[in-house]
């Protein structure tokens, strides 16, 4: 795990941290992971700030789950009021779920007409893939080389970013990440569309056929590739021509994070059949969704049924509706565009005088900074990237790393990130670069 805690470093921690980690290991088991060489204990959050047990303050430049800021008062109030009133499932008639569906569905555009609610992005992607497989009668799925689609049994088999010990399903094919730093951006769309066509041919020869192509339009786990924006629609055309379904995974790229558009796939002019959402939808409350075209879900809906005890419950819908309204009322998409552009511009100034930085890229408040051993070879430099992440953590600024080699800084703060927050982030990055 990039930027993960190594239990062999336990002796370097203070006694209280050691005790808590040992309790975690005993009670929660070995599968859980902690971030940072020196793990962070958090007891409170507000906006872009987090606080530890002893009052130490951190700047959160990583957490896209709290999309409208930690503990946003409008979201807290909406959840509190609904929890005091009723928390129940979708098998009863309720206005709230219909009102919210009516609010959000027009934002996707044709051919999306319906929305189905889940608890998590993993569940949303799992349901989307089930629908695609049922609609097409095929199992084959194409993902990018370092994709992450979730941690259910099905989505984990489509998530190569989980590592070598998470085997891919035999119906899964991968194409290259759209590495605009090493490959020609002018031809990337055509090259990847050809790769998709070749993988579809392989799936057909193996008797699987193509059920779906699924991608996060910011290619977050692949290394954050926001440009060019002519990649996904050529792929969609190839998939549709073969009878497959196109799934836009908006768990990380959606809800205005790119700054340019509300949904990341819209930056590419992509026309998906299914759109999935997750993490940021409830600002930390577990709510997610699958928005889908009538054509693709019709057979599934007639021959199957969908029910989720907690997906779309009244409290979850209250959280999602409050987030959606805050996002628009506070113009957070515009804020993401403005603050993100300012951060990238300053990081590019750093790169102009620091040859360890090979590339600065991103869109809105999703930014990648790639470290290389030298600019001629463009060989990845994970040691420097992780040293920057660790140095920032010691200065109480939280980010992480991404990409196959973990050599790319991943900066994706809450959408309420301010000028002052950006100044603190950039100042501390400058200090860390000078120190290492």
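Numbering (the UniProt record's numbering), first residue to last: 1 to 436. The C-beta atom is built at its ideal place from N, Cα and C for all residues, glycine as well. Here the structure is a predicted model, which is why all the values come from computation and not from measurement.
Supposed close pair residue i, residue j - CB separation, criterion 8 Å
{"i": "residue 36", "j": "residue 5", "result": "6 Å"}
{"i": "residue 198", "j": "residue 233", "result": "The Cβ separation is near 19 Å, so there is no contact."}
{"i": "residue 196", "j": "residue 174", "result": "So it is not a contact: roughly 10 Å between Cβ atoms."}
{"i": "residue 192", "j": "residue 211", "result": "Rounded, the Cβ-Cβ distance is 19 Å, inconsistent with contact."}
{"i": "residue 88", "j": "residue 314", "result": "6 Å"}
{"i": "residue 397", "j": "residue 424", "result": "7 Å"}
Own chain, CB closer than 6 Å to residue i, minus 5 neighbours either side, in chain order
{"i": "residue 117", "result": "289, 311, 312"}
{"i": "residue 74", "result": "322, 326"}
{"i": "residue 430", "result": "none"}
{"i": "residue 384", "result": "356, 371"}
{"i": "residue 387", "result": "436"}
{"i": "residue 382", "result": "405, 406, 407"}
Exposed unless 16 or more other CB atoms sit within 10 angstroms - verdict on residue i
{"i": "residue 420", "result": "exposed"}
{"i": "residue 85", "result": "exposed"}
{"i": "residue 111", "result": "exposed"}
{"i": "residue 463", "result": "Outside the displayed span of the chain (1 to 436) sits residue 463, for which this structure offers no information."}
{"i": "residue 62", "result": "buried"}
{"i": "residue 58", "result": "buried"}
{"i": "residue 357", "result": "buried"}
{"i": "residue 82", "result": "buried"}
{"i": "residue 379", "result": "exposed"}
{"i": "residue 407", "result": "buried"}
{"i": "residue 43", "result": "exposed"}
{"i": "residue 252", "result": "buried"}
{"i": "residue 7", "result": "exposed"}
Which residues DSSP lists as bridging residue i, in chain order
{"i": "residue 60", "result": "398"}
{"i": "residue 246", "result": "213"}
{"i": "residue 293", "result": "112"}
{"i": "residue 51", "result": "44, 57"}
{"i": "residue 419", "result": "None, per the DSSP bridge assignment."}
{"i": "residue 410", "result": "368, 400"}
{"i": "residue 117", "result": "289"}
{"i": "residue 35", "result": "4"}
{"i": "residue 173", "result": "142"}
{"i": "residue 276", "result": "249, 290"}
{"i": "residue 359", "result": "370"}
{"i": "residue 70", "result": "47"}
{"i": "residue 380", "result": "372"}
Sequence-distant residues of its chain with Cβ nearer than 7 Å to residue i (five each side left out)
{"i": "residue 249", "result": "125, 149, 214, 215, 216, 276"}
Contact set for residue i: own chain, Cβ-Cβ below 8 Å, skip 5 residues either direction
{"i": "residue 262", "result": "107, 254, 255, 256, 333"}
{"i": "residue 395", "result": "428, 431, 432"}
{"i": "residue 451", "result": "A question about residue 451 goes unanswered here, because the residues of the chain that appear run from 1 up to 436."}
{"i": "residue 45", "result": "51, 60, 66, 70, 71"}
{"i": "residue 303", "result": "134"}
Next on the checklist: Below 8 Å, how does it come out for the stretch 239-250 and the stretch 168-182: are there three or more Cβ pairs, yes or no?
Outcome noted: no
Next on the checklist: Taking 8 Å as the cut-off, does the stretch 305-313 touch the stretch 62-80 (at least 3 CB pairs, one atom from each stretch)?
Outcome noted: no
Next on the checklist: For the structure I just gave you, are there three or more beta carbon pairs, one from the stretch 285-299 and one from the stretch 101-117, closer than 8 Å?
Outcome noted: yes
Checklist entry - How do the stretch 128-137 and the stretch 89-105 stand: do at least 3 beta-carbon pairs fall below 8 Å, yes or no? => result no
Next on the checklist: Across the stretch 243-255 and the stretch 347-361, are there enough close Cβ pairs to call them in contact, namely three or more that are closer than 8 Å?
Outcome noted: no
Checklist entry - Is the stretch 398-406 touching the stretch 216-225 in the sense that three or more CB pairs, one from each, lie closer than 8 Å? => result yes
Next on the checklist: Under 8 Å: do the stretch 363-370 and the stretch 411-419 share three or more Cβ pairs, one atom per stretch?
Outcome noted: yes
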